[in-house]
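**Q** Residue numbers (this note's numbering), protein chains in the order written: chain A, 9 to 213; chain B, 9 to 213.
We put the beta carbon where it would ideally sit given N, CA and C, even for glycine.
2 protein chains.
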Amino acid sequence: MTRRGSYAKGIAKREEILATALEVVDRAGFRGASVRELADAVGLSQAGLLHYFDSKEELFTAILRKRDEVDTSRTDPGADMVETLLDVVRHNAETPGLVQLFASTSVAATSDVGHPAHDWFVDRYANVLAHLAGAVRARQDAGEIDPAVDADRLARVLVAVSDGMQVQWMLDPEVDMAASIELVWRLALAAVGSGAGATGASGTA
Amino acid sequence: MTRRGSYAKGIAKREEILATALEVVDRAGFRGASVRELADAVGLSQAGLLHYFDSKEELFTAILRKRDEVDTSRTDPGADMVETLLDVVRHNAETPGLVQLFASTSVAATSDVGHPAHDWFVDRYANVLAHLAGAVRARQDAGEIDPAVDADRLARVLVAVSDGMQVQWMLDPEVDMAASIELVWRLALAAVGSGAGATGASGTA
DNA sequence: GTCTATAATTTGATAGAC
DNA sequence: GTCTATCAAATTATAGAC
C-alpha cells in the first residue's frame, strides 16, 4: 500500500499537512517562505515537518502537486480544455499565495535541470500542452479555427499567456488574467479562413 | 554631474562593472548567483563590488537596467513597437543567463511591494504596455485590426506571451519564443472585421 | 512521530587597514 | 578605491532524546 518515494512516511498525515499548507500559503501568502515558517503555520516544528518531506523543494513541490490535484477534482473532466484552463486561471485570482509559489518555483525549477521539481514541470507542461493542442485541433476539425494554424504553437501561446499574466496580475491585482486568455481564443476563432496560419517555417518548436 | 542615488560612487567604473557583469551573466548563466560569485567573475572582492551598489538586489536590478539600455540602443527607435518586441525576444534566445535573471527577479520584485526593484518593474511594464497599445491602436486606425478589440488588453497579451514563453523556453531551448508572439499578432490582424472584440465587460484590466 | 539541539554552511553587509 | 577580516543572521538538514 505504500507509495513510491514516501514509504513509511505516514501518508494520511502527509496529506493532512499538505491540505493545511495549501490553505496557509493561500491565506498568508508566500514570500520565499522558509520551512520553519510553514512548520509554525501547520503546527509542527521544522524538524517535525521535514520528517514528511525529504527537502524544502520537495515540500513546496508537493504543495503545488496538491494544488493541481484539487484543481483537477474541482474541474469538469468532460469540459473543453480551454474552458478548464479559464476556470483554473479564474480560481487562481483568488489564491495569490499559490500564484506566487507557482511563479517562483516554476522559474527556479525550469531554469535548473538539477532542481527536484524539474521533471515534474517537464511532465506538467507536456501534459497541459498536449491537452490544449487537442482542443485546438478539435476546433480545427469543426472548421472553427483555421487549419493552417499550428495547433501546438497556439497551445503554447495559451499556456504562455496564463503564466505571463501572473506577473502582470501580481503587479496589479485588478488585471483580469482570464480575459487575456479569452481574447487570444476569440481571435483564433475569429480568424478562421483568413490565412492567419501562413508562415515561413512549419516546425512547431 | 553626480547622478541621483549614485553620488560619489565612481560612475564610469560602475558602468564598466555593469558591462562586464552583463557579459558574465550572459555567458556563465545565472543560477540564483551570489554577490560573491559575481564579484569573482568581474575581478573584484565581494566588498569591492558592493562598494558600487547598495545591496544585492540593487546590483542585479542595475544589470537588468543595463540590459534594457543595451537593447534600446541596439534597436531601431522608429520601428513598430511589435517589431521591436520581436527583435528583443529573438535576441533573448541568445542570452539564457539574462532571461533567467529577468524571470526570477521579475517574480521576486513584482510579488513583493517592498522589493528594491518593484517600482522599476511597475514603470517598465507601464511603459512597454503603453507603447504596445499605441501600436495596436495605430493598426486599428489603419483598419488592420478590429476596432472592437481592447488595445490595452491585446498589449497585455503580447507582454504575457513574451514573459510566459521564457519558462517554456527554459524547459526546452528549441522552443521559438518569437514565433508565439508572431502567431498572436497574425491572429489579431487576420481577425479584422470578424467581431473578435465582442465581450461582456468593457473594462481594460 | 515529534521535539530539542545543533551541525554545517552560506550569505549579505560592514569595519577598517592600506 | 579595493581588499582582508569578520559579523550577524538565517537556513536546511540531521542526530538523538522522549
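Within the segment 111-180 of chain A, note down every full alpha helix (DSSP H) run reaching 4 residues or more, in order along the chain.
**A** The qualifying runs are 126-149 and 159-179.
**Q** Could you list the residues in the segment 172-206 of chain B with a C-beta less than 7 Å from some C-beta on chain A, going in chain order?
**A** The residues in question are Gly172, Met173, Val175, Gln176, Met178, Leu179, Glu182, Val183, Asp184, Ala187, Ser188, Leu191, Val192, Arg194, Leu195, Ala196, Ala198, Ala199, Ser202, Gly203 and Ala204.
**Q** Just to confirm my understanding: we take Leu166 (chain B), look at its own chain, exclude 5 residues before and 5 after, and list those with CB closer than 8 Å. What are they?
**A** Taking the second sequence and counting its residues from 1, one reaches residue 166 (chain B) at position 158. Here the set comprises Val90, Leu93, Leu140, Ile189, Val192 and Trp193.
**Q** Please identify the residue among B:Gly201, B:His123 and B:Phe61 whose C-alpha is closest to the C-alpha of Arg147 (chain B).
**A** For the purposes of this step, residue 147 (chain B) is taken as residue 139 along the second sequence, with counting starting at 1. Answer by Cα proximity: B:Gly201.
**Q** Taking C-beta pairs closer than 7 Å, name the residues in chain B that Ser114 (chain A) reaches, listed in chain order.
**A** As a first step, residue 114 (chain A) is located in the first sequence; it is residue number 106 there, counting from the start. Here the neighbours are Val175.
**Q** Is there contact here, the segment 166-183 of chain A with the segment 167-176 of chain B, by at least three beta-carbon pairs under 8 Å?
**A** With the cut-off at 8 Å, the segment 166-183 of chain A and the segment 167-176 of chain B touch.
**Q** Within 8 Å of any Cβ in chain B, is that where the Cβ of Phe129 (chain A) sits?
**A** Your numbering for residue 129 (chain A) matches position 121 in the first sequence. Judged by the 8 Å Cβ criterion, Phe129 (chain A) is in contact with chain B.
**Q** Give a yes or no on whether the minimum CB-CB distance between Asp120 (chain B) and chain A is below 8 Å.
**A** For this step, residue 120 (chain B) is matched to residue 112 along the second sequence. Yes, because at least one Cβ of chain A sits closer than 8 Å to the Cβ of Asp120 (chain B).
**Q** Name, going along the chain, the residues of the segment 144-174 of chain B whose beta-carbon falls closer than 9 Å to a beta-carbon of chain A.
**A** Within the segment 144-174 of chain B, the qualifying residues are Asp154, Val157, Asp158, Arg161, Leu162, Arg164, Val165, Val167, Ala168, Val169, Ser170, Asp171, Gly172, Met173 and Gln174.
**Q** Got a sec? Which residues, its chain only, sit under 6 Å from Gln54 (chain B) by beta carbon, not counting five neighbours each side?
**A** As a working mapping, residue 54 (chain B) is identified with position 46 in the second sequence. For Gln54 (chain B), where only same-chain residues beyond five positions count, the Cβ hits under 6 Å are Val43, Arg44 and Ala47.
**Q** Which residues in the same chain as Leu109 (chain B) place their Cβ atom closer than 8 Å to its Cβ, once the five residues preceding and following it in sequence are excluded?
**A** Position 101 of the second sequence, counted from the start, is the residue given in the question as residue 109 (chain B). Excluding sequence neighbours, Leu109 (chain B) sits near Val33, Phe38, Phe68, Ile71 and Leu72.
**Q** Cutting at 6 Å between CB atoms, please list the residues of its own chain near Pro85 (chain A), excluding the five before and the five after it.
**A** By 1-based counting over the first sequence, the position of residue 85 (chain A) is 77. Cβ within range, chain order: n/a, list empty.
**Q** Compute the distance between the beta-carbons of Leu137 (chain A) and Arg164 (chain A), then report whether it is under 8 Å.
**A** Mapped onto the first sequence, residue 137 (chain A) falls at position 129. Mapped onto the first sequence, residue 164 (chain A) falls at position 156. Yes, they are a contact pair.
**Q** By the three-class DSSP mapping on this structure, what secondary structure does Leu58 (chain A) have?
**A** The sequence position of residue 58 (chain A) within the first sequence is 50, counting from 1. Helix at Leu58 (chain A).
**Q** By the criterion of Cβ-Cβ separation under 8 Å, what are the contact partners of Arg39 (chain B) in chain A?
**A** As a first step, residue 39 (chain B) is located in the second sequence; it is residue number 31 there, counting from the start. Ser119 and Asp120, listed in chain order.
**Q** Within a Cβ cutoff of 6 Å, which residues of the same chain sit near Ala117 (chain B), ignoring the five residues on either side of it in sequence?
**A** Here residue 117 (chain B) refers to the residue found at position 109 of the second sequence. Hits under 6 Å: His123, Ala125, His126 and Phe129.
**Q** In chain order, which continuous runs of the alpha helix (DSSP H) of length 4 or greater are located wholly inside the segment 23-52 of chain A?
**A** Fully enclosed alpha helix (DSSP H) runs of 4 or longer: 43-50.
**Q** Whole angstroms is fine: what's the gap from Pro155 (chain A)'s alpha carbon to His59 (chain A)'s?
**A** By one-based count along the first sequence, residue 155 (chain A) stands at place 147. By one-based count along the first sequence, residue 59 (chain A) stands at place 51. About 53 Å.
**Q** Rounding to the nearest angstrom, what Cα-Cα distance links Ala49 (chain A) and Met185 (chain A) in this structure?
**A** By 1-based counting over the first sequence, the position of residue 49 (chain A) is 41. By 1-based counting over the first sequence, the position of residue 185 (chain A) is 177. Straight-line Cα distance between these residues: approximately 29 Å.
**Q** For Arg35 (chain B), tell me which candidate among B:Val183, B:Asn100 and B:Glu182 has the shortest Cα-Cα distance.
**A** Numbered from 1 along the second sequence, position 27 holds the residue referred to as residue 35 (chain B). It is B:Asn100 whose Cα lies nearest to the Cα of Arg35 (chain B).
**Q** For Arg12 (chain A), which of helix, strand or coil comes out of DSSP?
**A** Here residue 12 (chain A) corresponds to residue number 4 of the first sequence, with the count starting at 1. Note on Arg12 (chain A): pLDDT 49, under 50, position unreliable in the model; no value is reported.
**Q** Our contact map puts Thr83 (chain A) next to Val96 (chain A) with C-beta atoms below 8 Å; I'd like the distance itself, whole angstroms only.
**A** Numbered from its first residue, the first sequence carries residue 83 (chain A) at position 75. Numbered from its first residue, the first sequence carries residue 96 (chain A) at position 88. So it is a contact: roughly 7 Å between Cβ atoms.
**Q** Give the residues of chain B in contact with Tyr60 (chain A), contact being defined as C-beta atoms less than 8 Å apart.
**A** The sequence position of residue 60 (chain A) within the first sequence is 52, counting from 1. Those within 8 Å of Tyr60 (chain A) in chain B number zero; the least Cβ separation is about 26 Å.
**Q** Any beta carbon of chain B sitting closer than 8 Å to that of Gln108 (chain A)?
**A** Sequence index remark: in the first sequence, residue 108 (chain A) carries index 100 (1-based). Yes, contact with chain B.
**Q** Roughly how far, in whole angstroms, is the beta-carbon of Glu102 (chain B) from the beta-carbon of Ala213 (chain A), given that I think they are within contact range, below 8 Å?
**A** Walking along the second sequence from the start, residue 102 (chain B) turns up at place 94. Walking along the first sequence from the start, residue 213 (chain A) turns up at place 205. Their Cβ separation, rounded to whole angstroms, is 16 Å, which puts Glu102 (chain B) and Ala213 (chain A) out of contact at 8 Å.
**Q** Could you pull out every unbroken alpha helix (DSSP H) segment of at least 4 residues lying fully inside the segment 67-110 of chain B, listed in chain order?
**A** Taking only runs of at least 4 residues, the alpha helix (DSSP H) segments lying wholly in the segment 67-110 of chain B are 89-100.
**Q** Please tell me whether Ala187 (chain A) and Arg145 (chain B) are closer than 8 Å, where the distance is taken between their beta carbons.
**A** Residue 187 (chain A) sits at position 179 when you count from the first residue of the first sequence. Residue 145 (chain B) sits at position 137 when you count from the first residue of the second sequence. No, the pair does not count as a contact, with Cβ atoms beyond the cut-off.
**Q** Got a sec, what are the start and stop residues for the alpha helix (DSSP H) Ala187 (chain B) sits in?
**A** For the purposes of this step, residue 187 (chain B) is taken as the residue at position 179 of the second sequence. Its alpha helix (DSSP H) spans residues Met185 to Ala198.
**Q** In whole angstroms, what is the alpha-carbon distance linking Gly56 (chain B) and Pro104 (chain B)?
**A** The sequence position of residue 56 (chain B) within the second sequence is 48, counting from 1. The sequence position of residue 104 (chain B) within the second sequence is 96, counting from 1. Spanning the two alpha carbons is a distance of roughly 27 Å.
**Q** So, using beta-carbon positions, are Ala199 (chain A) and Ala27 (chain B) closer together than 8 Å?
**A** For this step, residue 199 (chain A) is matched to residue 191 along the first sequence. For this step, residue 27 (chain B) is matched to residue 19 along the second sequence. Their beta carbons are not under 8 Å apart, which means Ala199 (chain A) does not touch Ala27 (chain B) by this criterion.
**Q** For Ala196 (chain B), does the count of other Cβ atoms within 10 angstroms reach 16, so buried, or fall short, so exposed?
**A** Position 188 of the second sequence, counted from the first residue, corresponds to residue 196 (chain B). Result: buried.
**Q** Give me, in chain order, the residues of the same chain whose beta-carbon lies closer than 7 Å to that of Glu152 (chain A); leave out the 5 immediate sequence neighbours on both sides.
**A** Here residue 152 (chain A) corresponds to residue number 144 of the first sequence, with the count starting at 1. Here the set comprises Leu197 and Val200.
**Q** Just the Cα atoms here: how many angstroms apart are Lys64 (chain B) and Gly40 (chain B)?
**A** Along the second sequence, one-based indexing puts residue 64 (chain B) at 56. Along the second sequence, one-based indexing puts residue 40 (chain B) at 32. Going from the Cα of Lys64 (chain B) to the Cα of Gly40 (chain B) covers about 11 Å.
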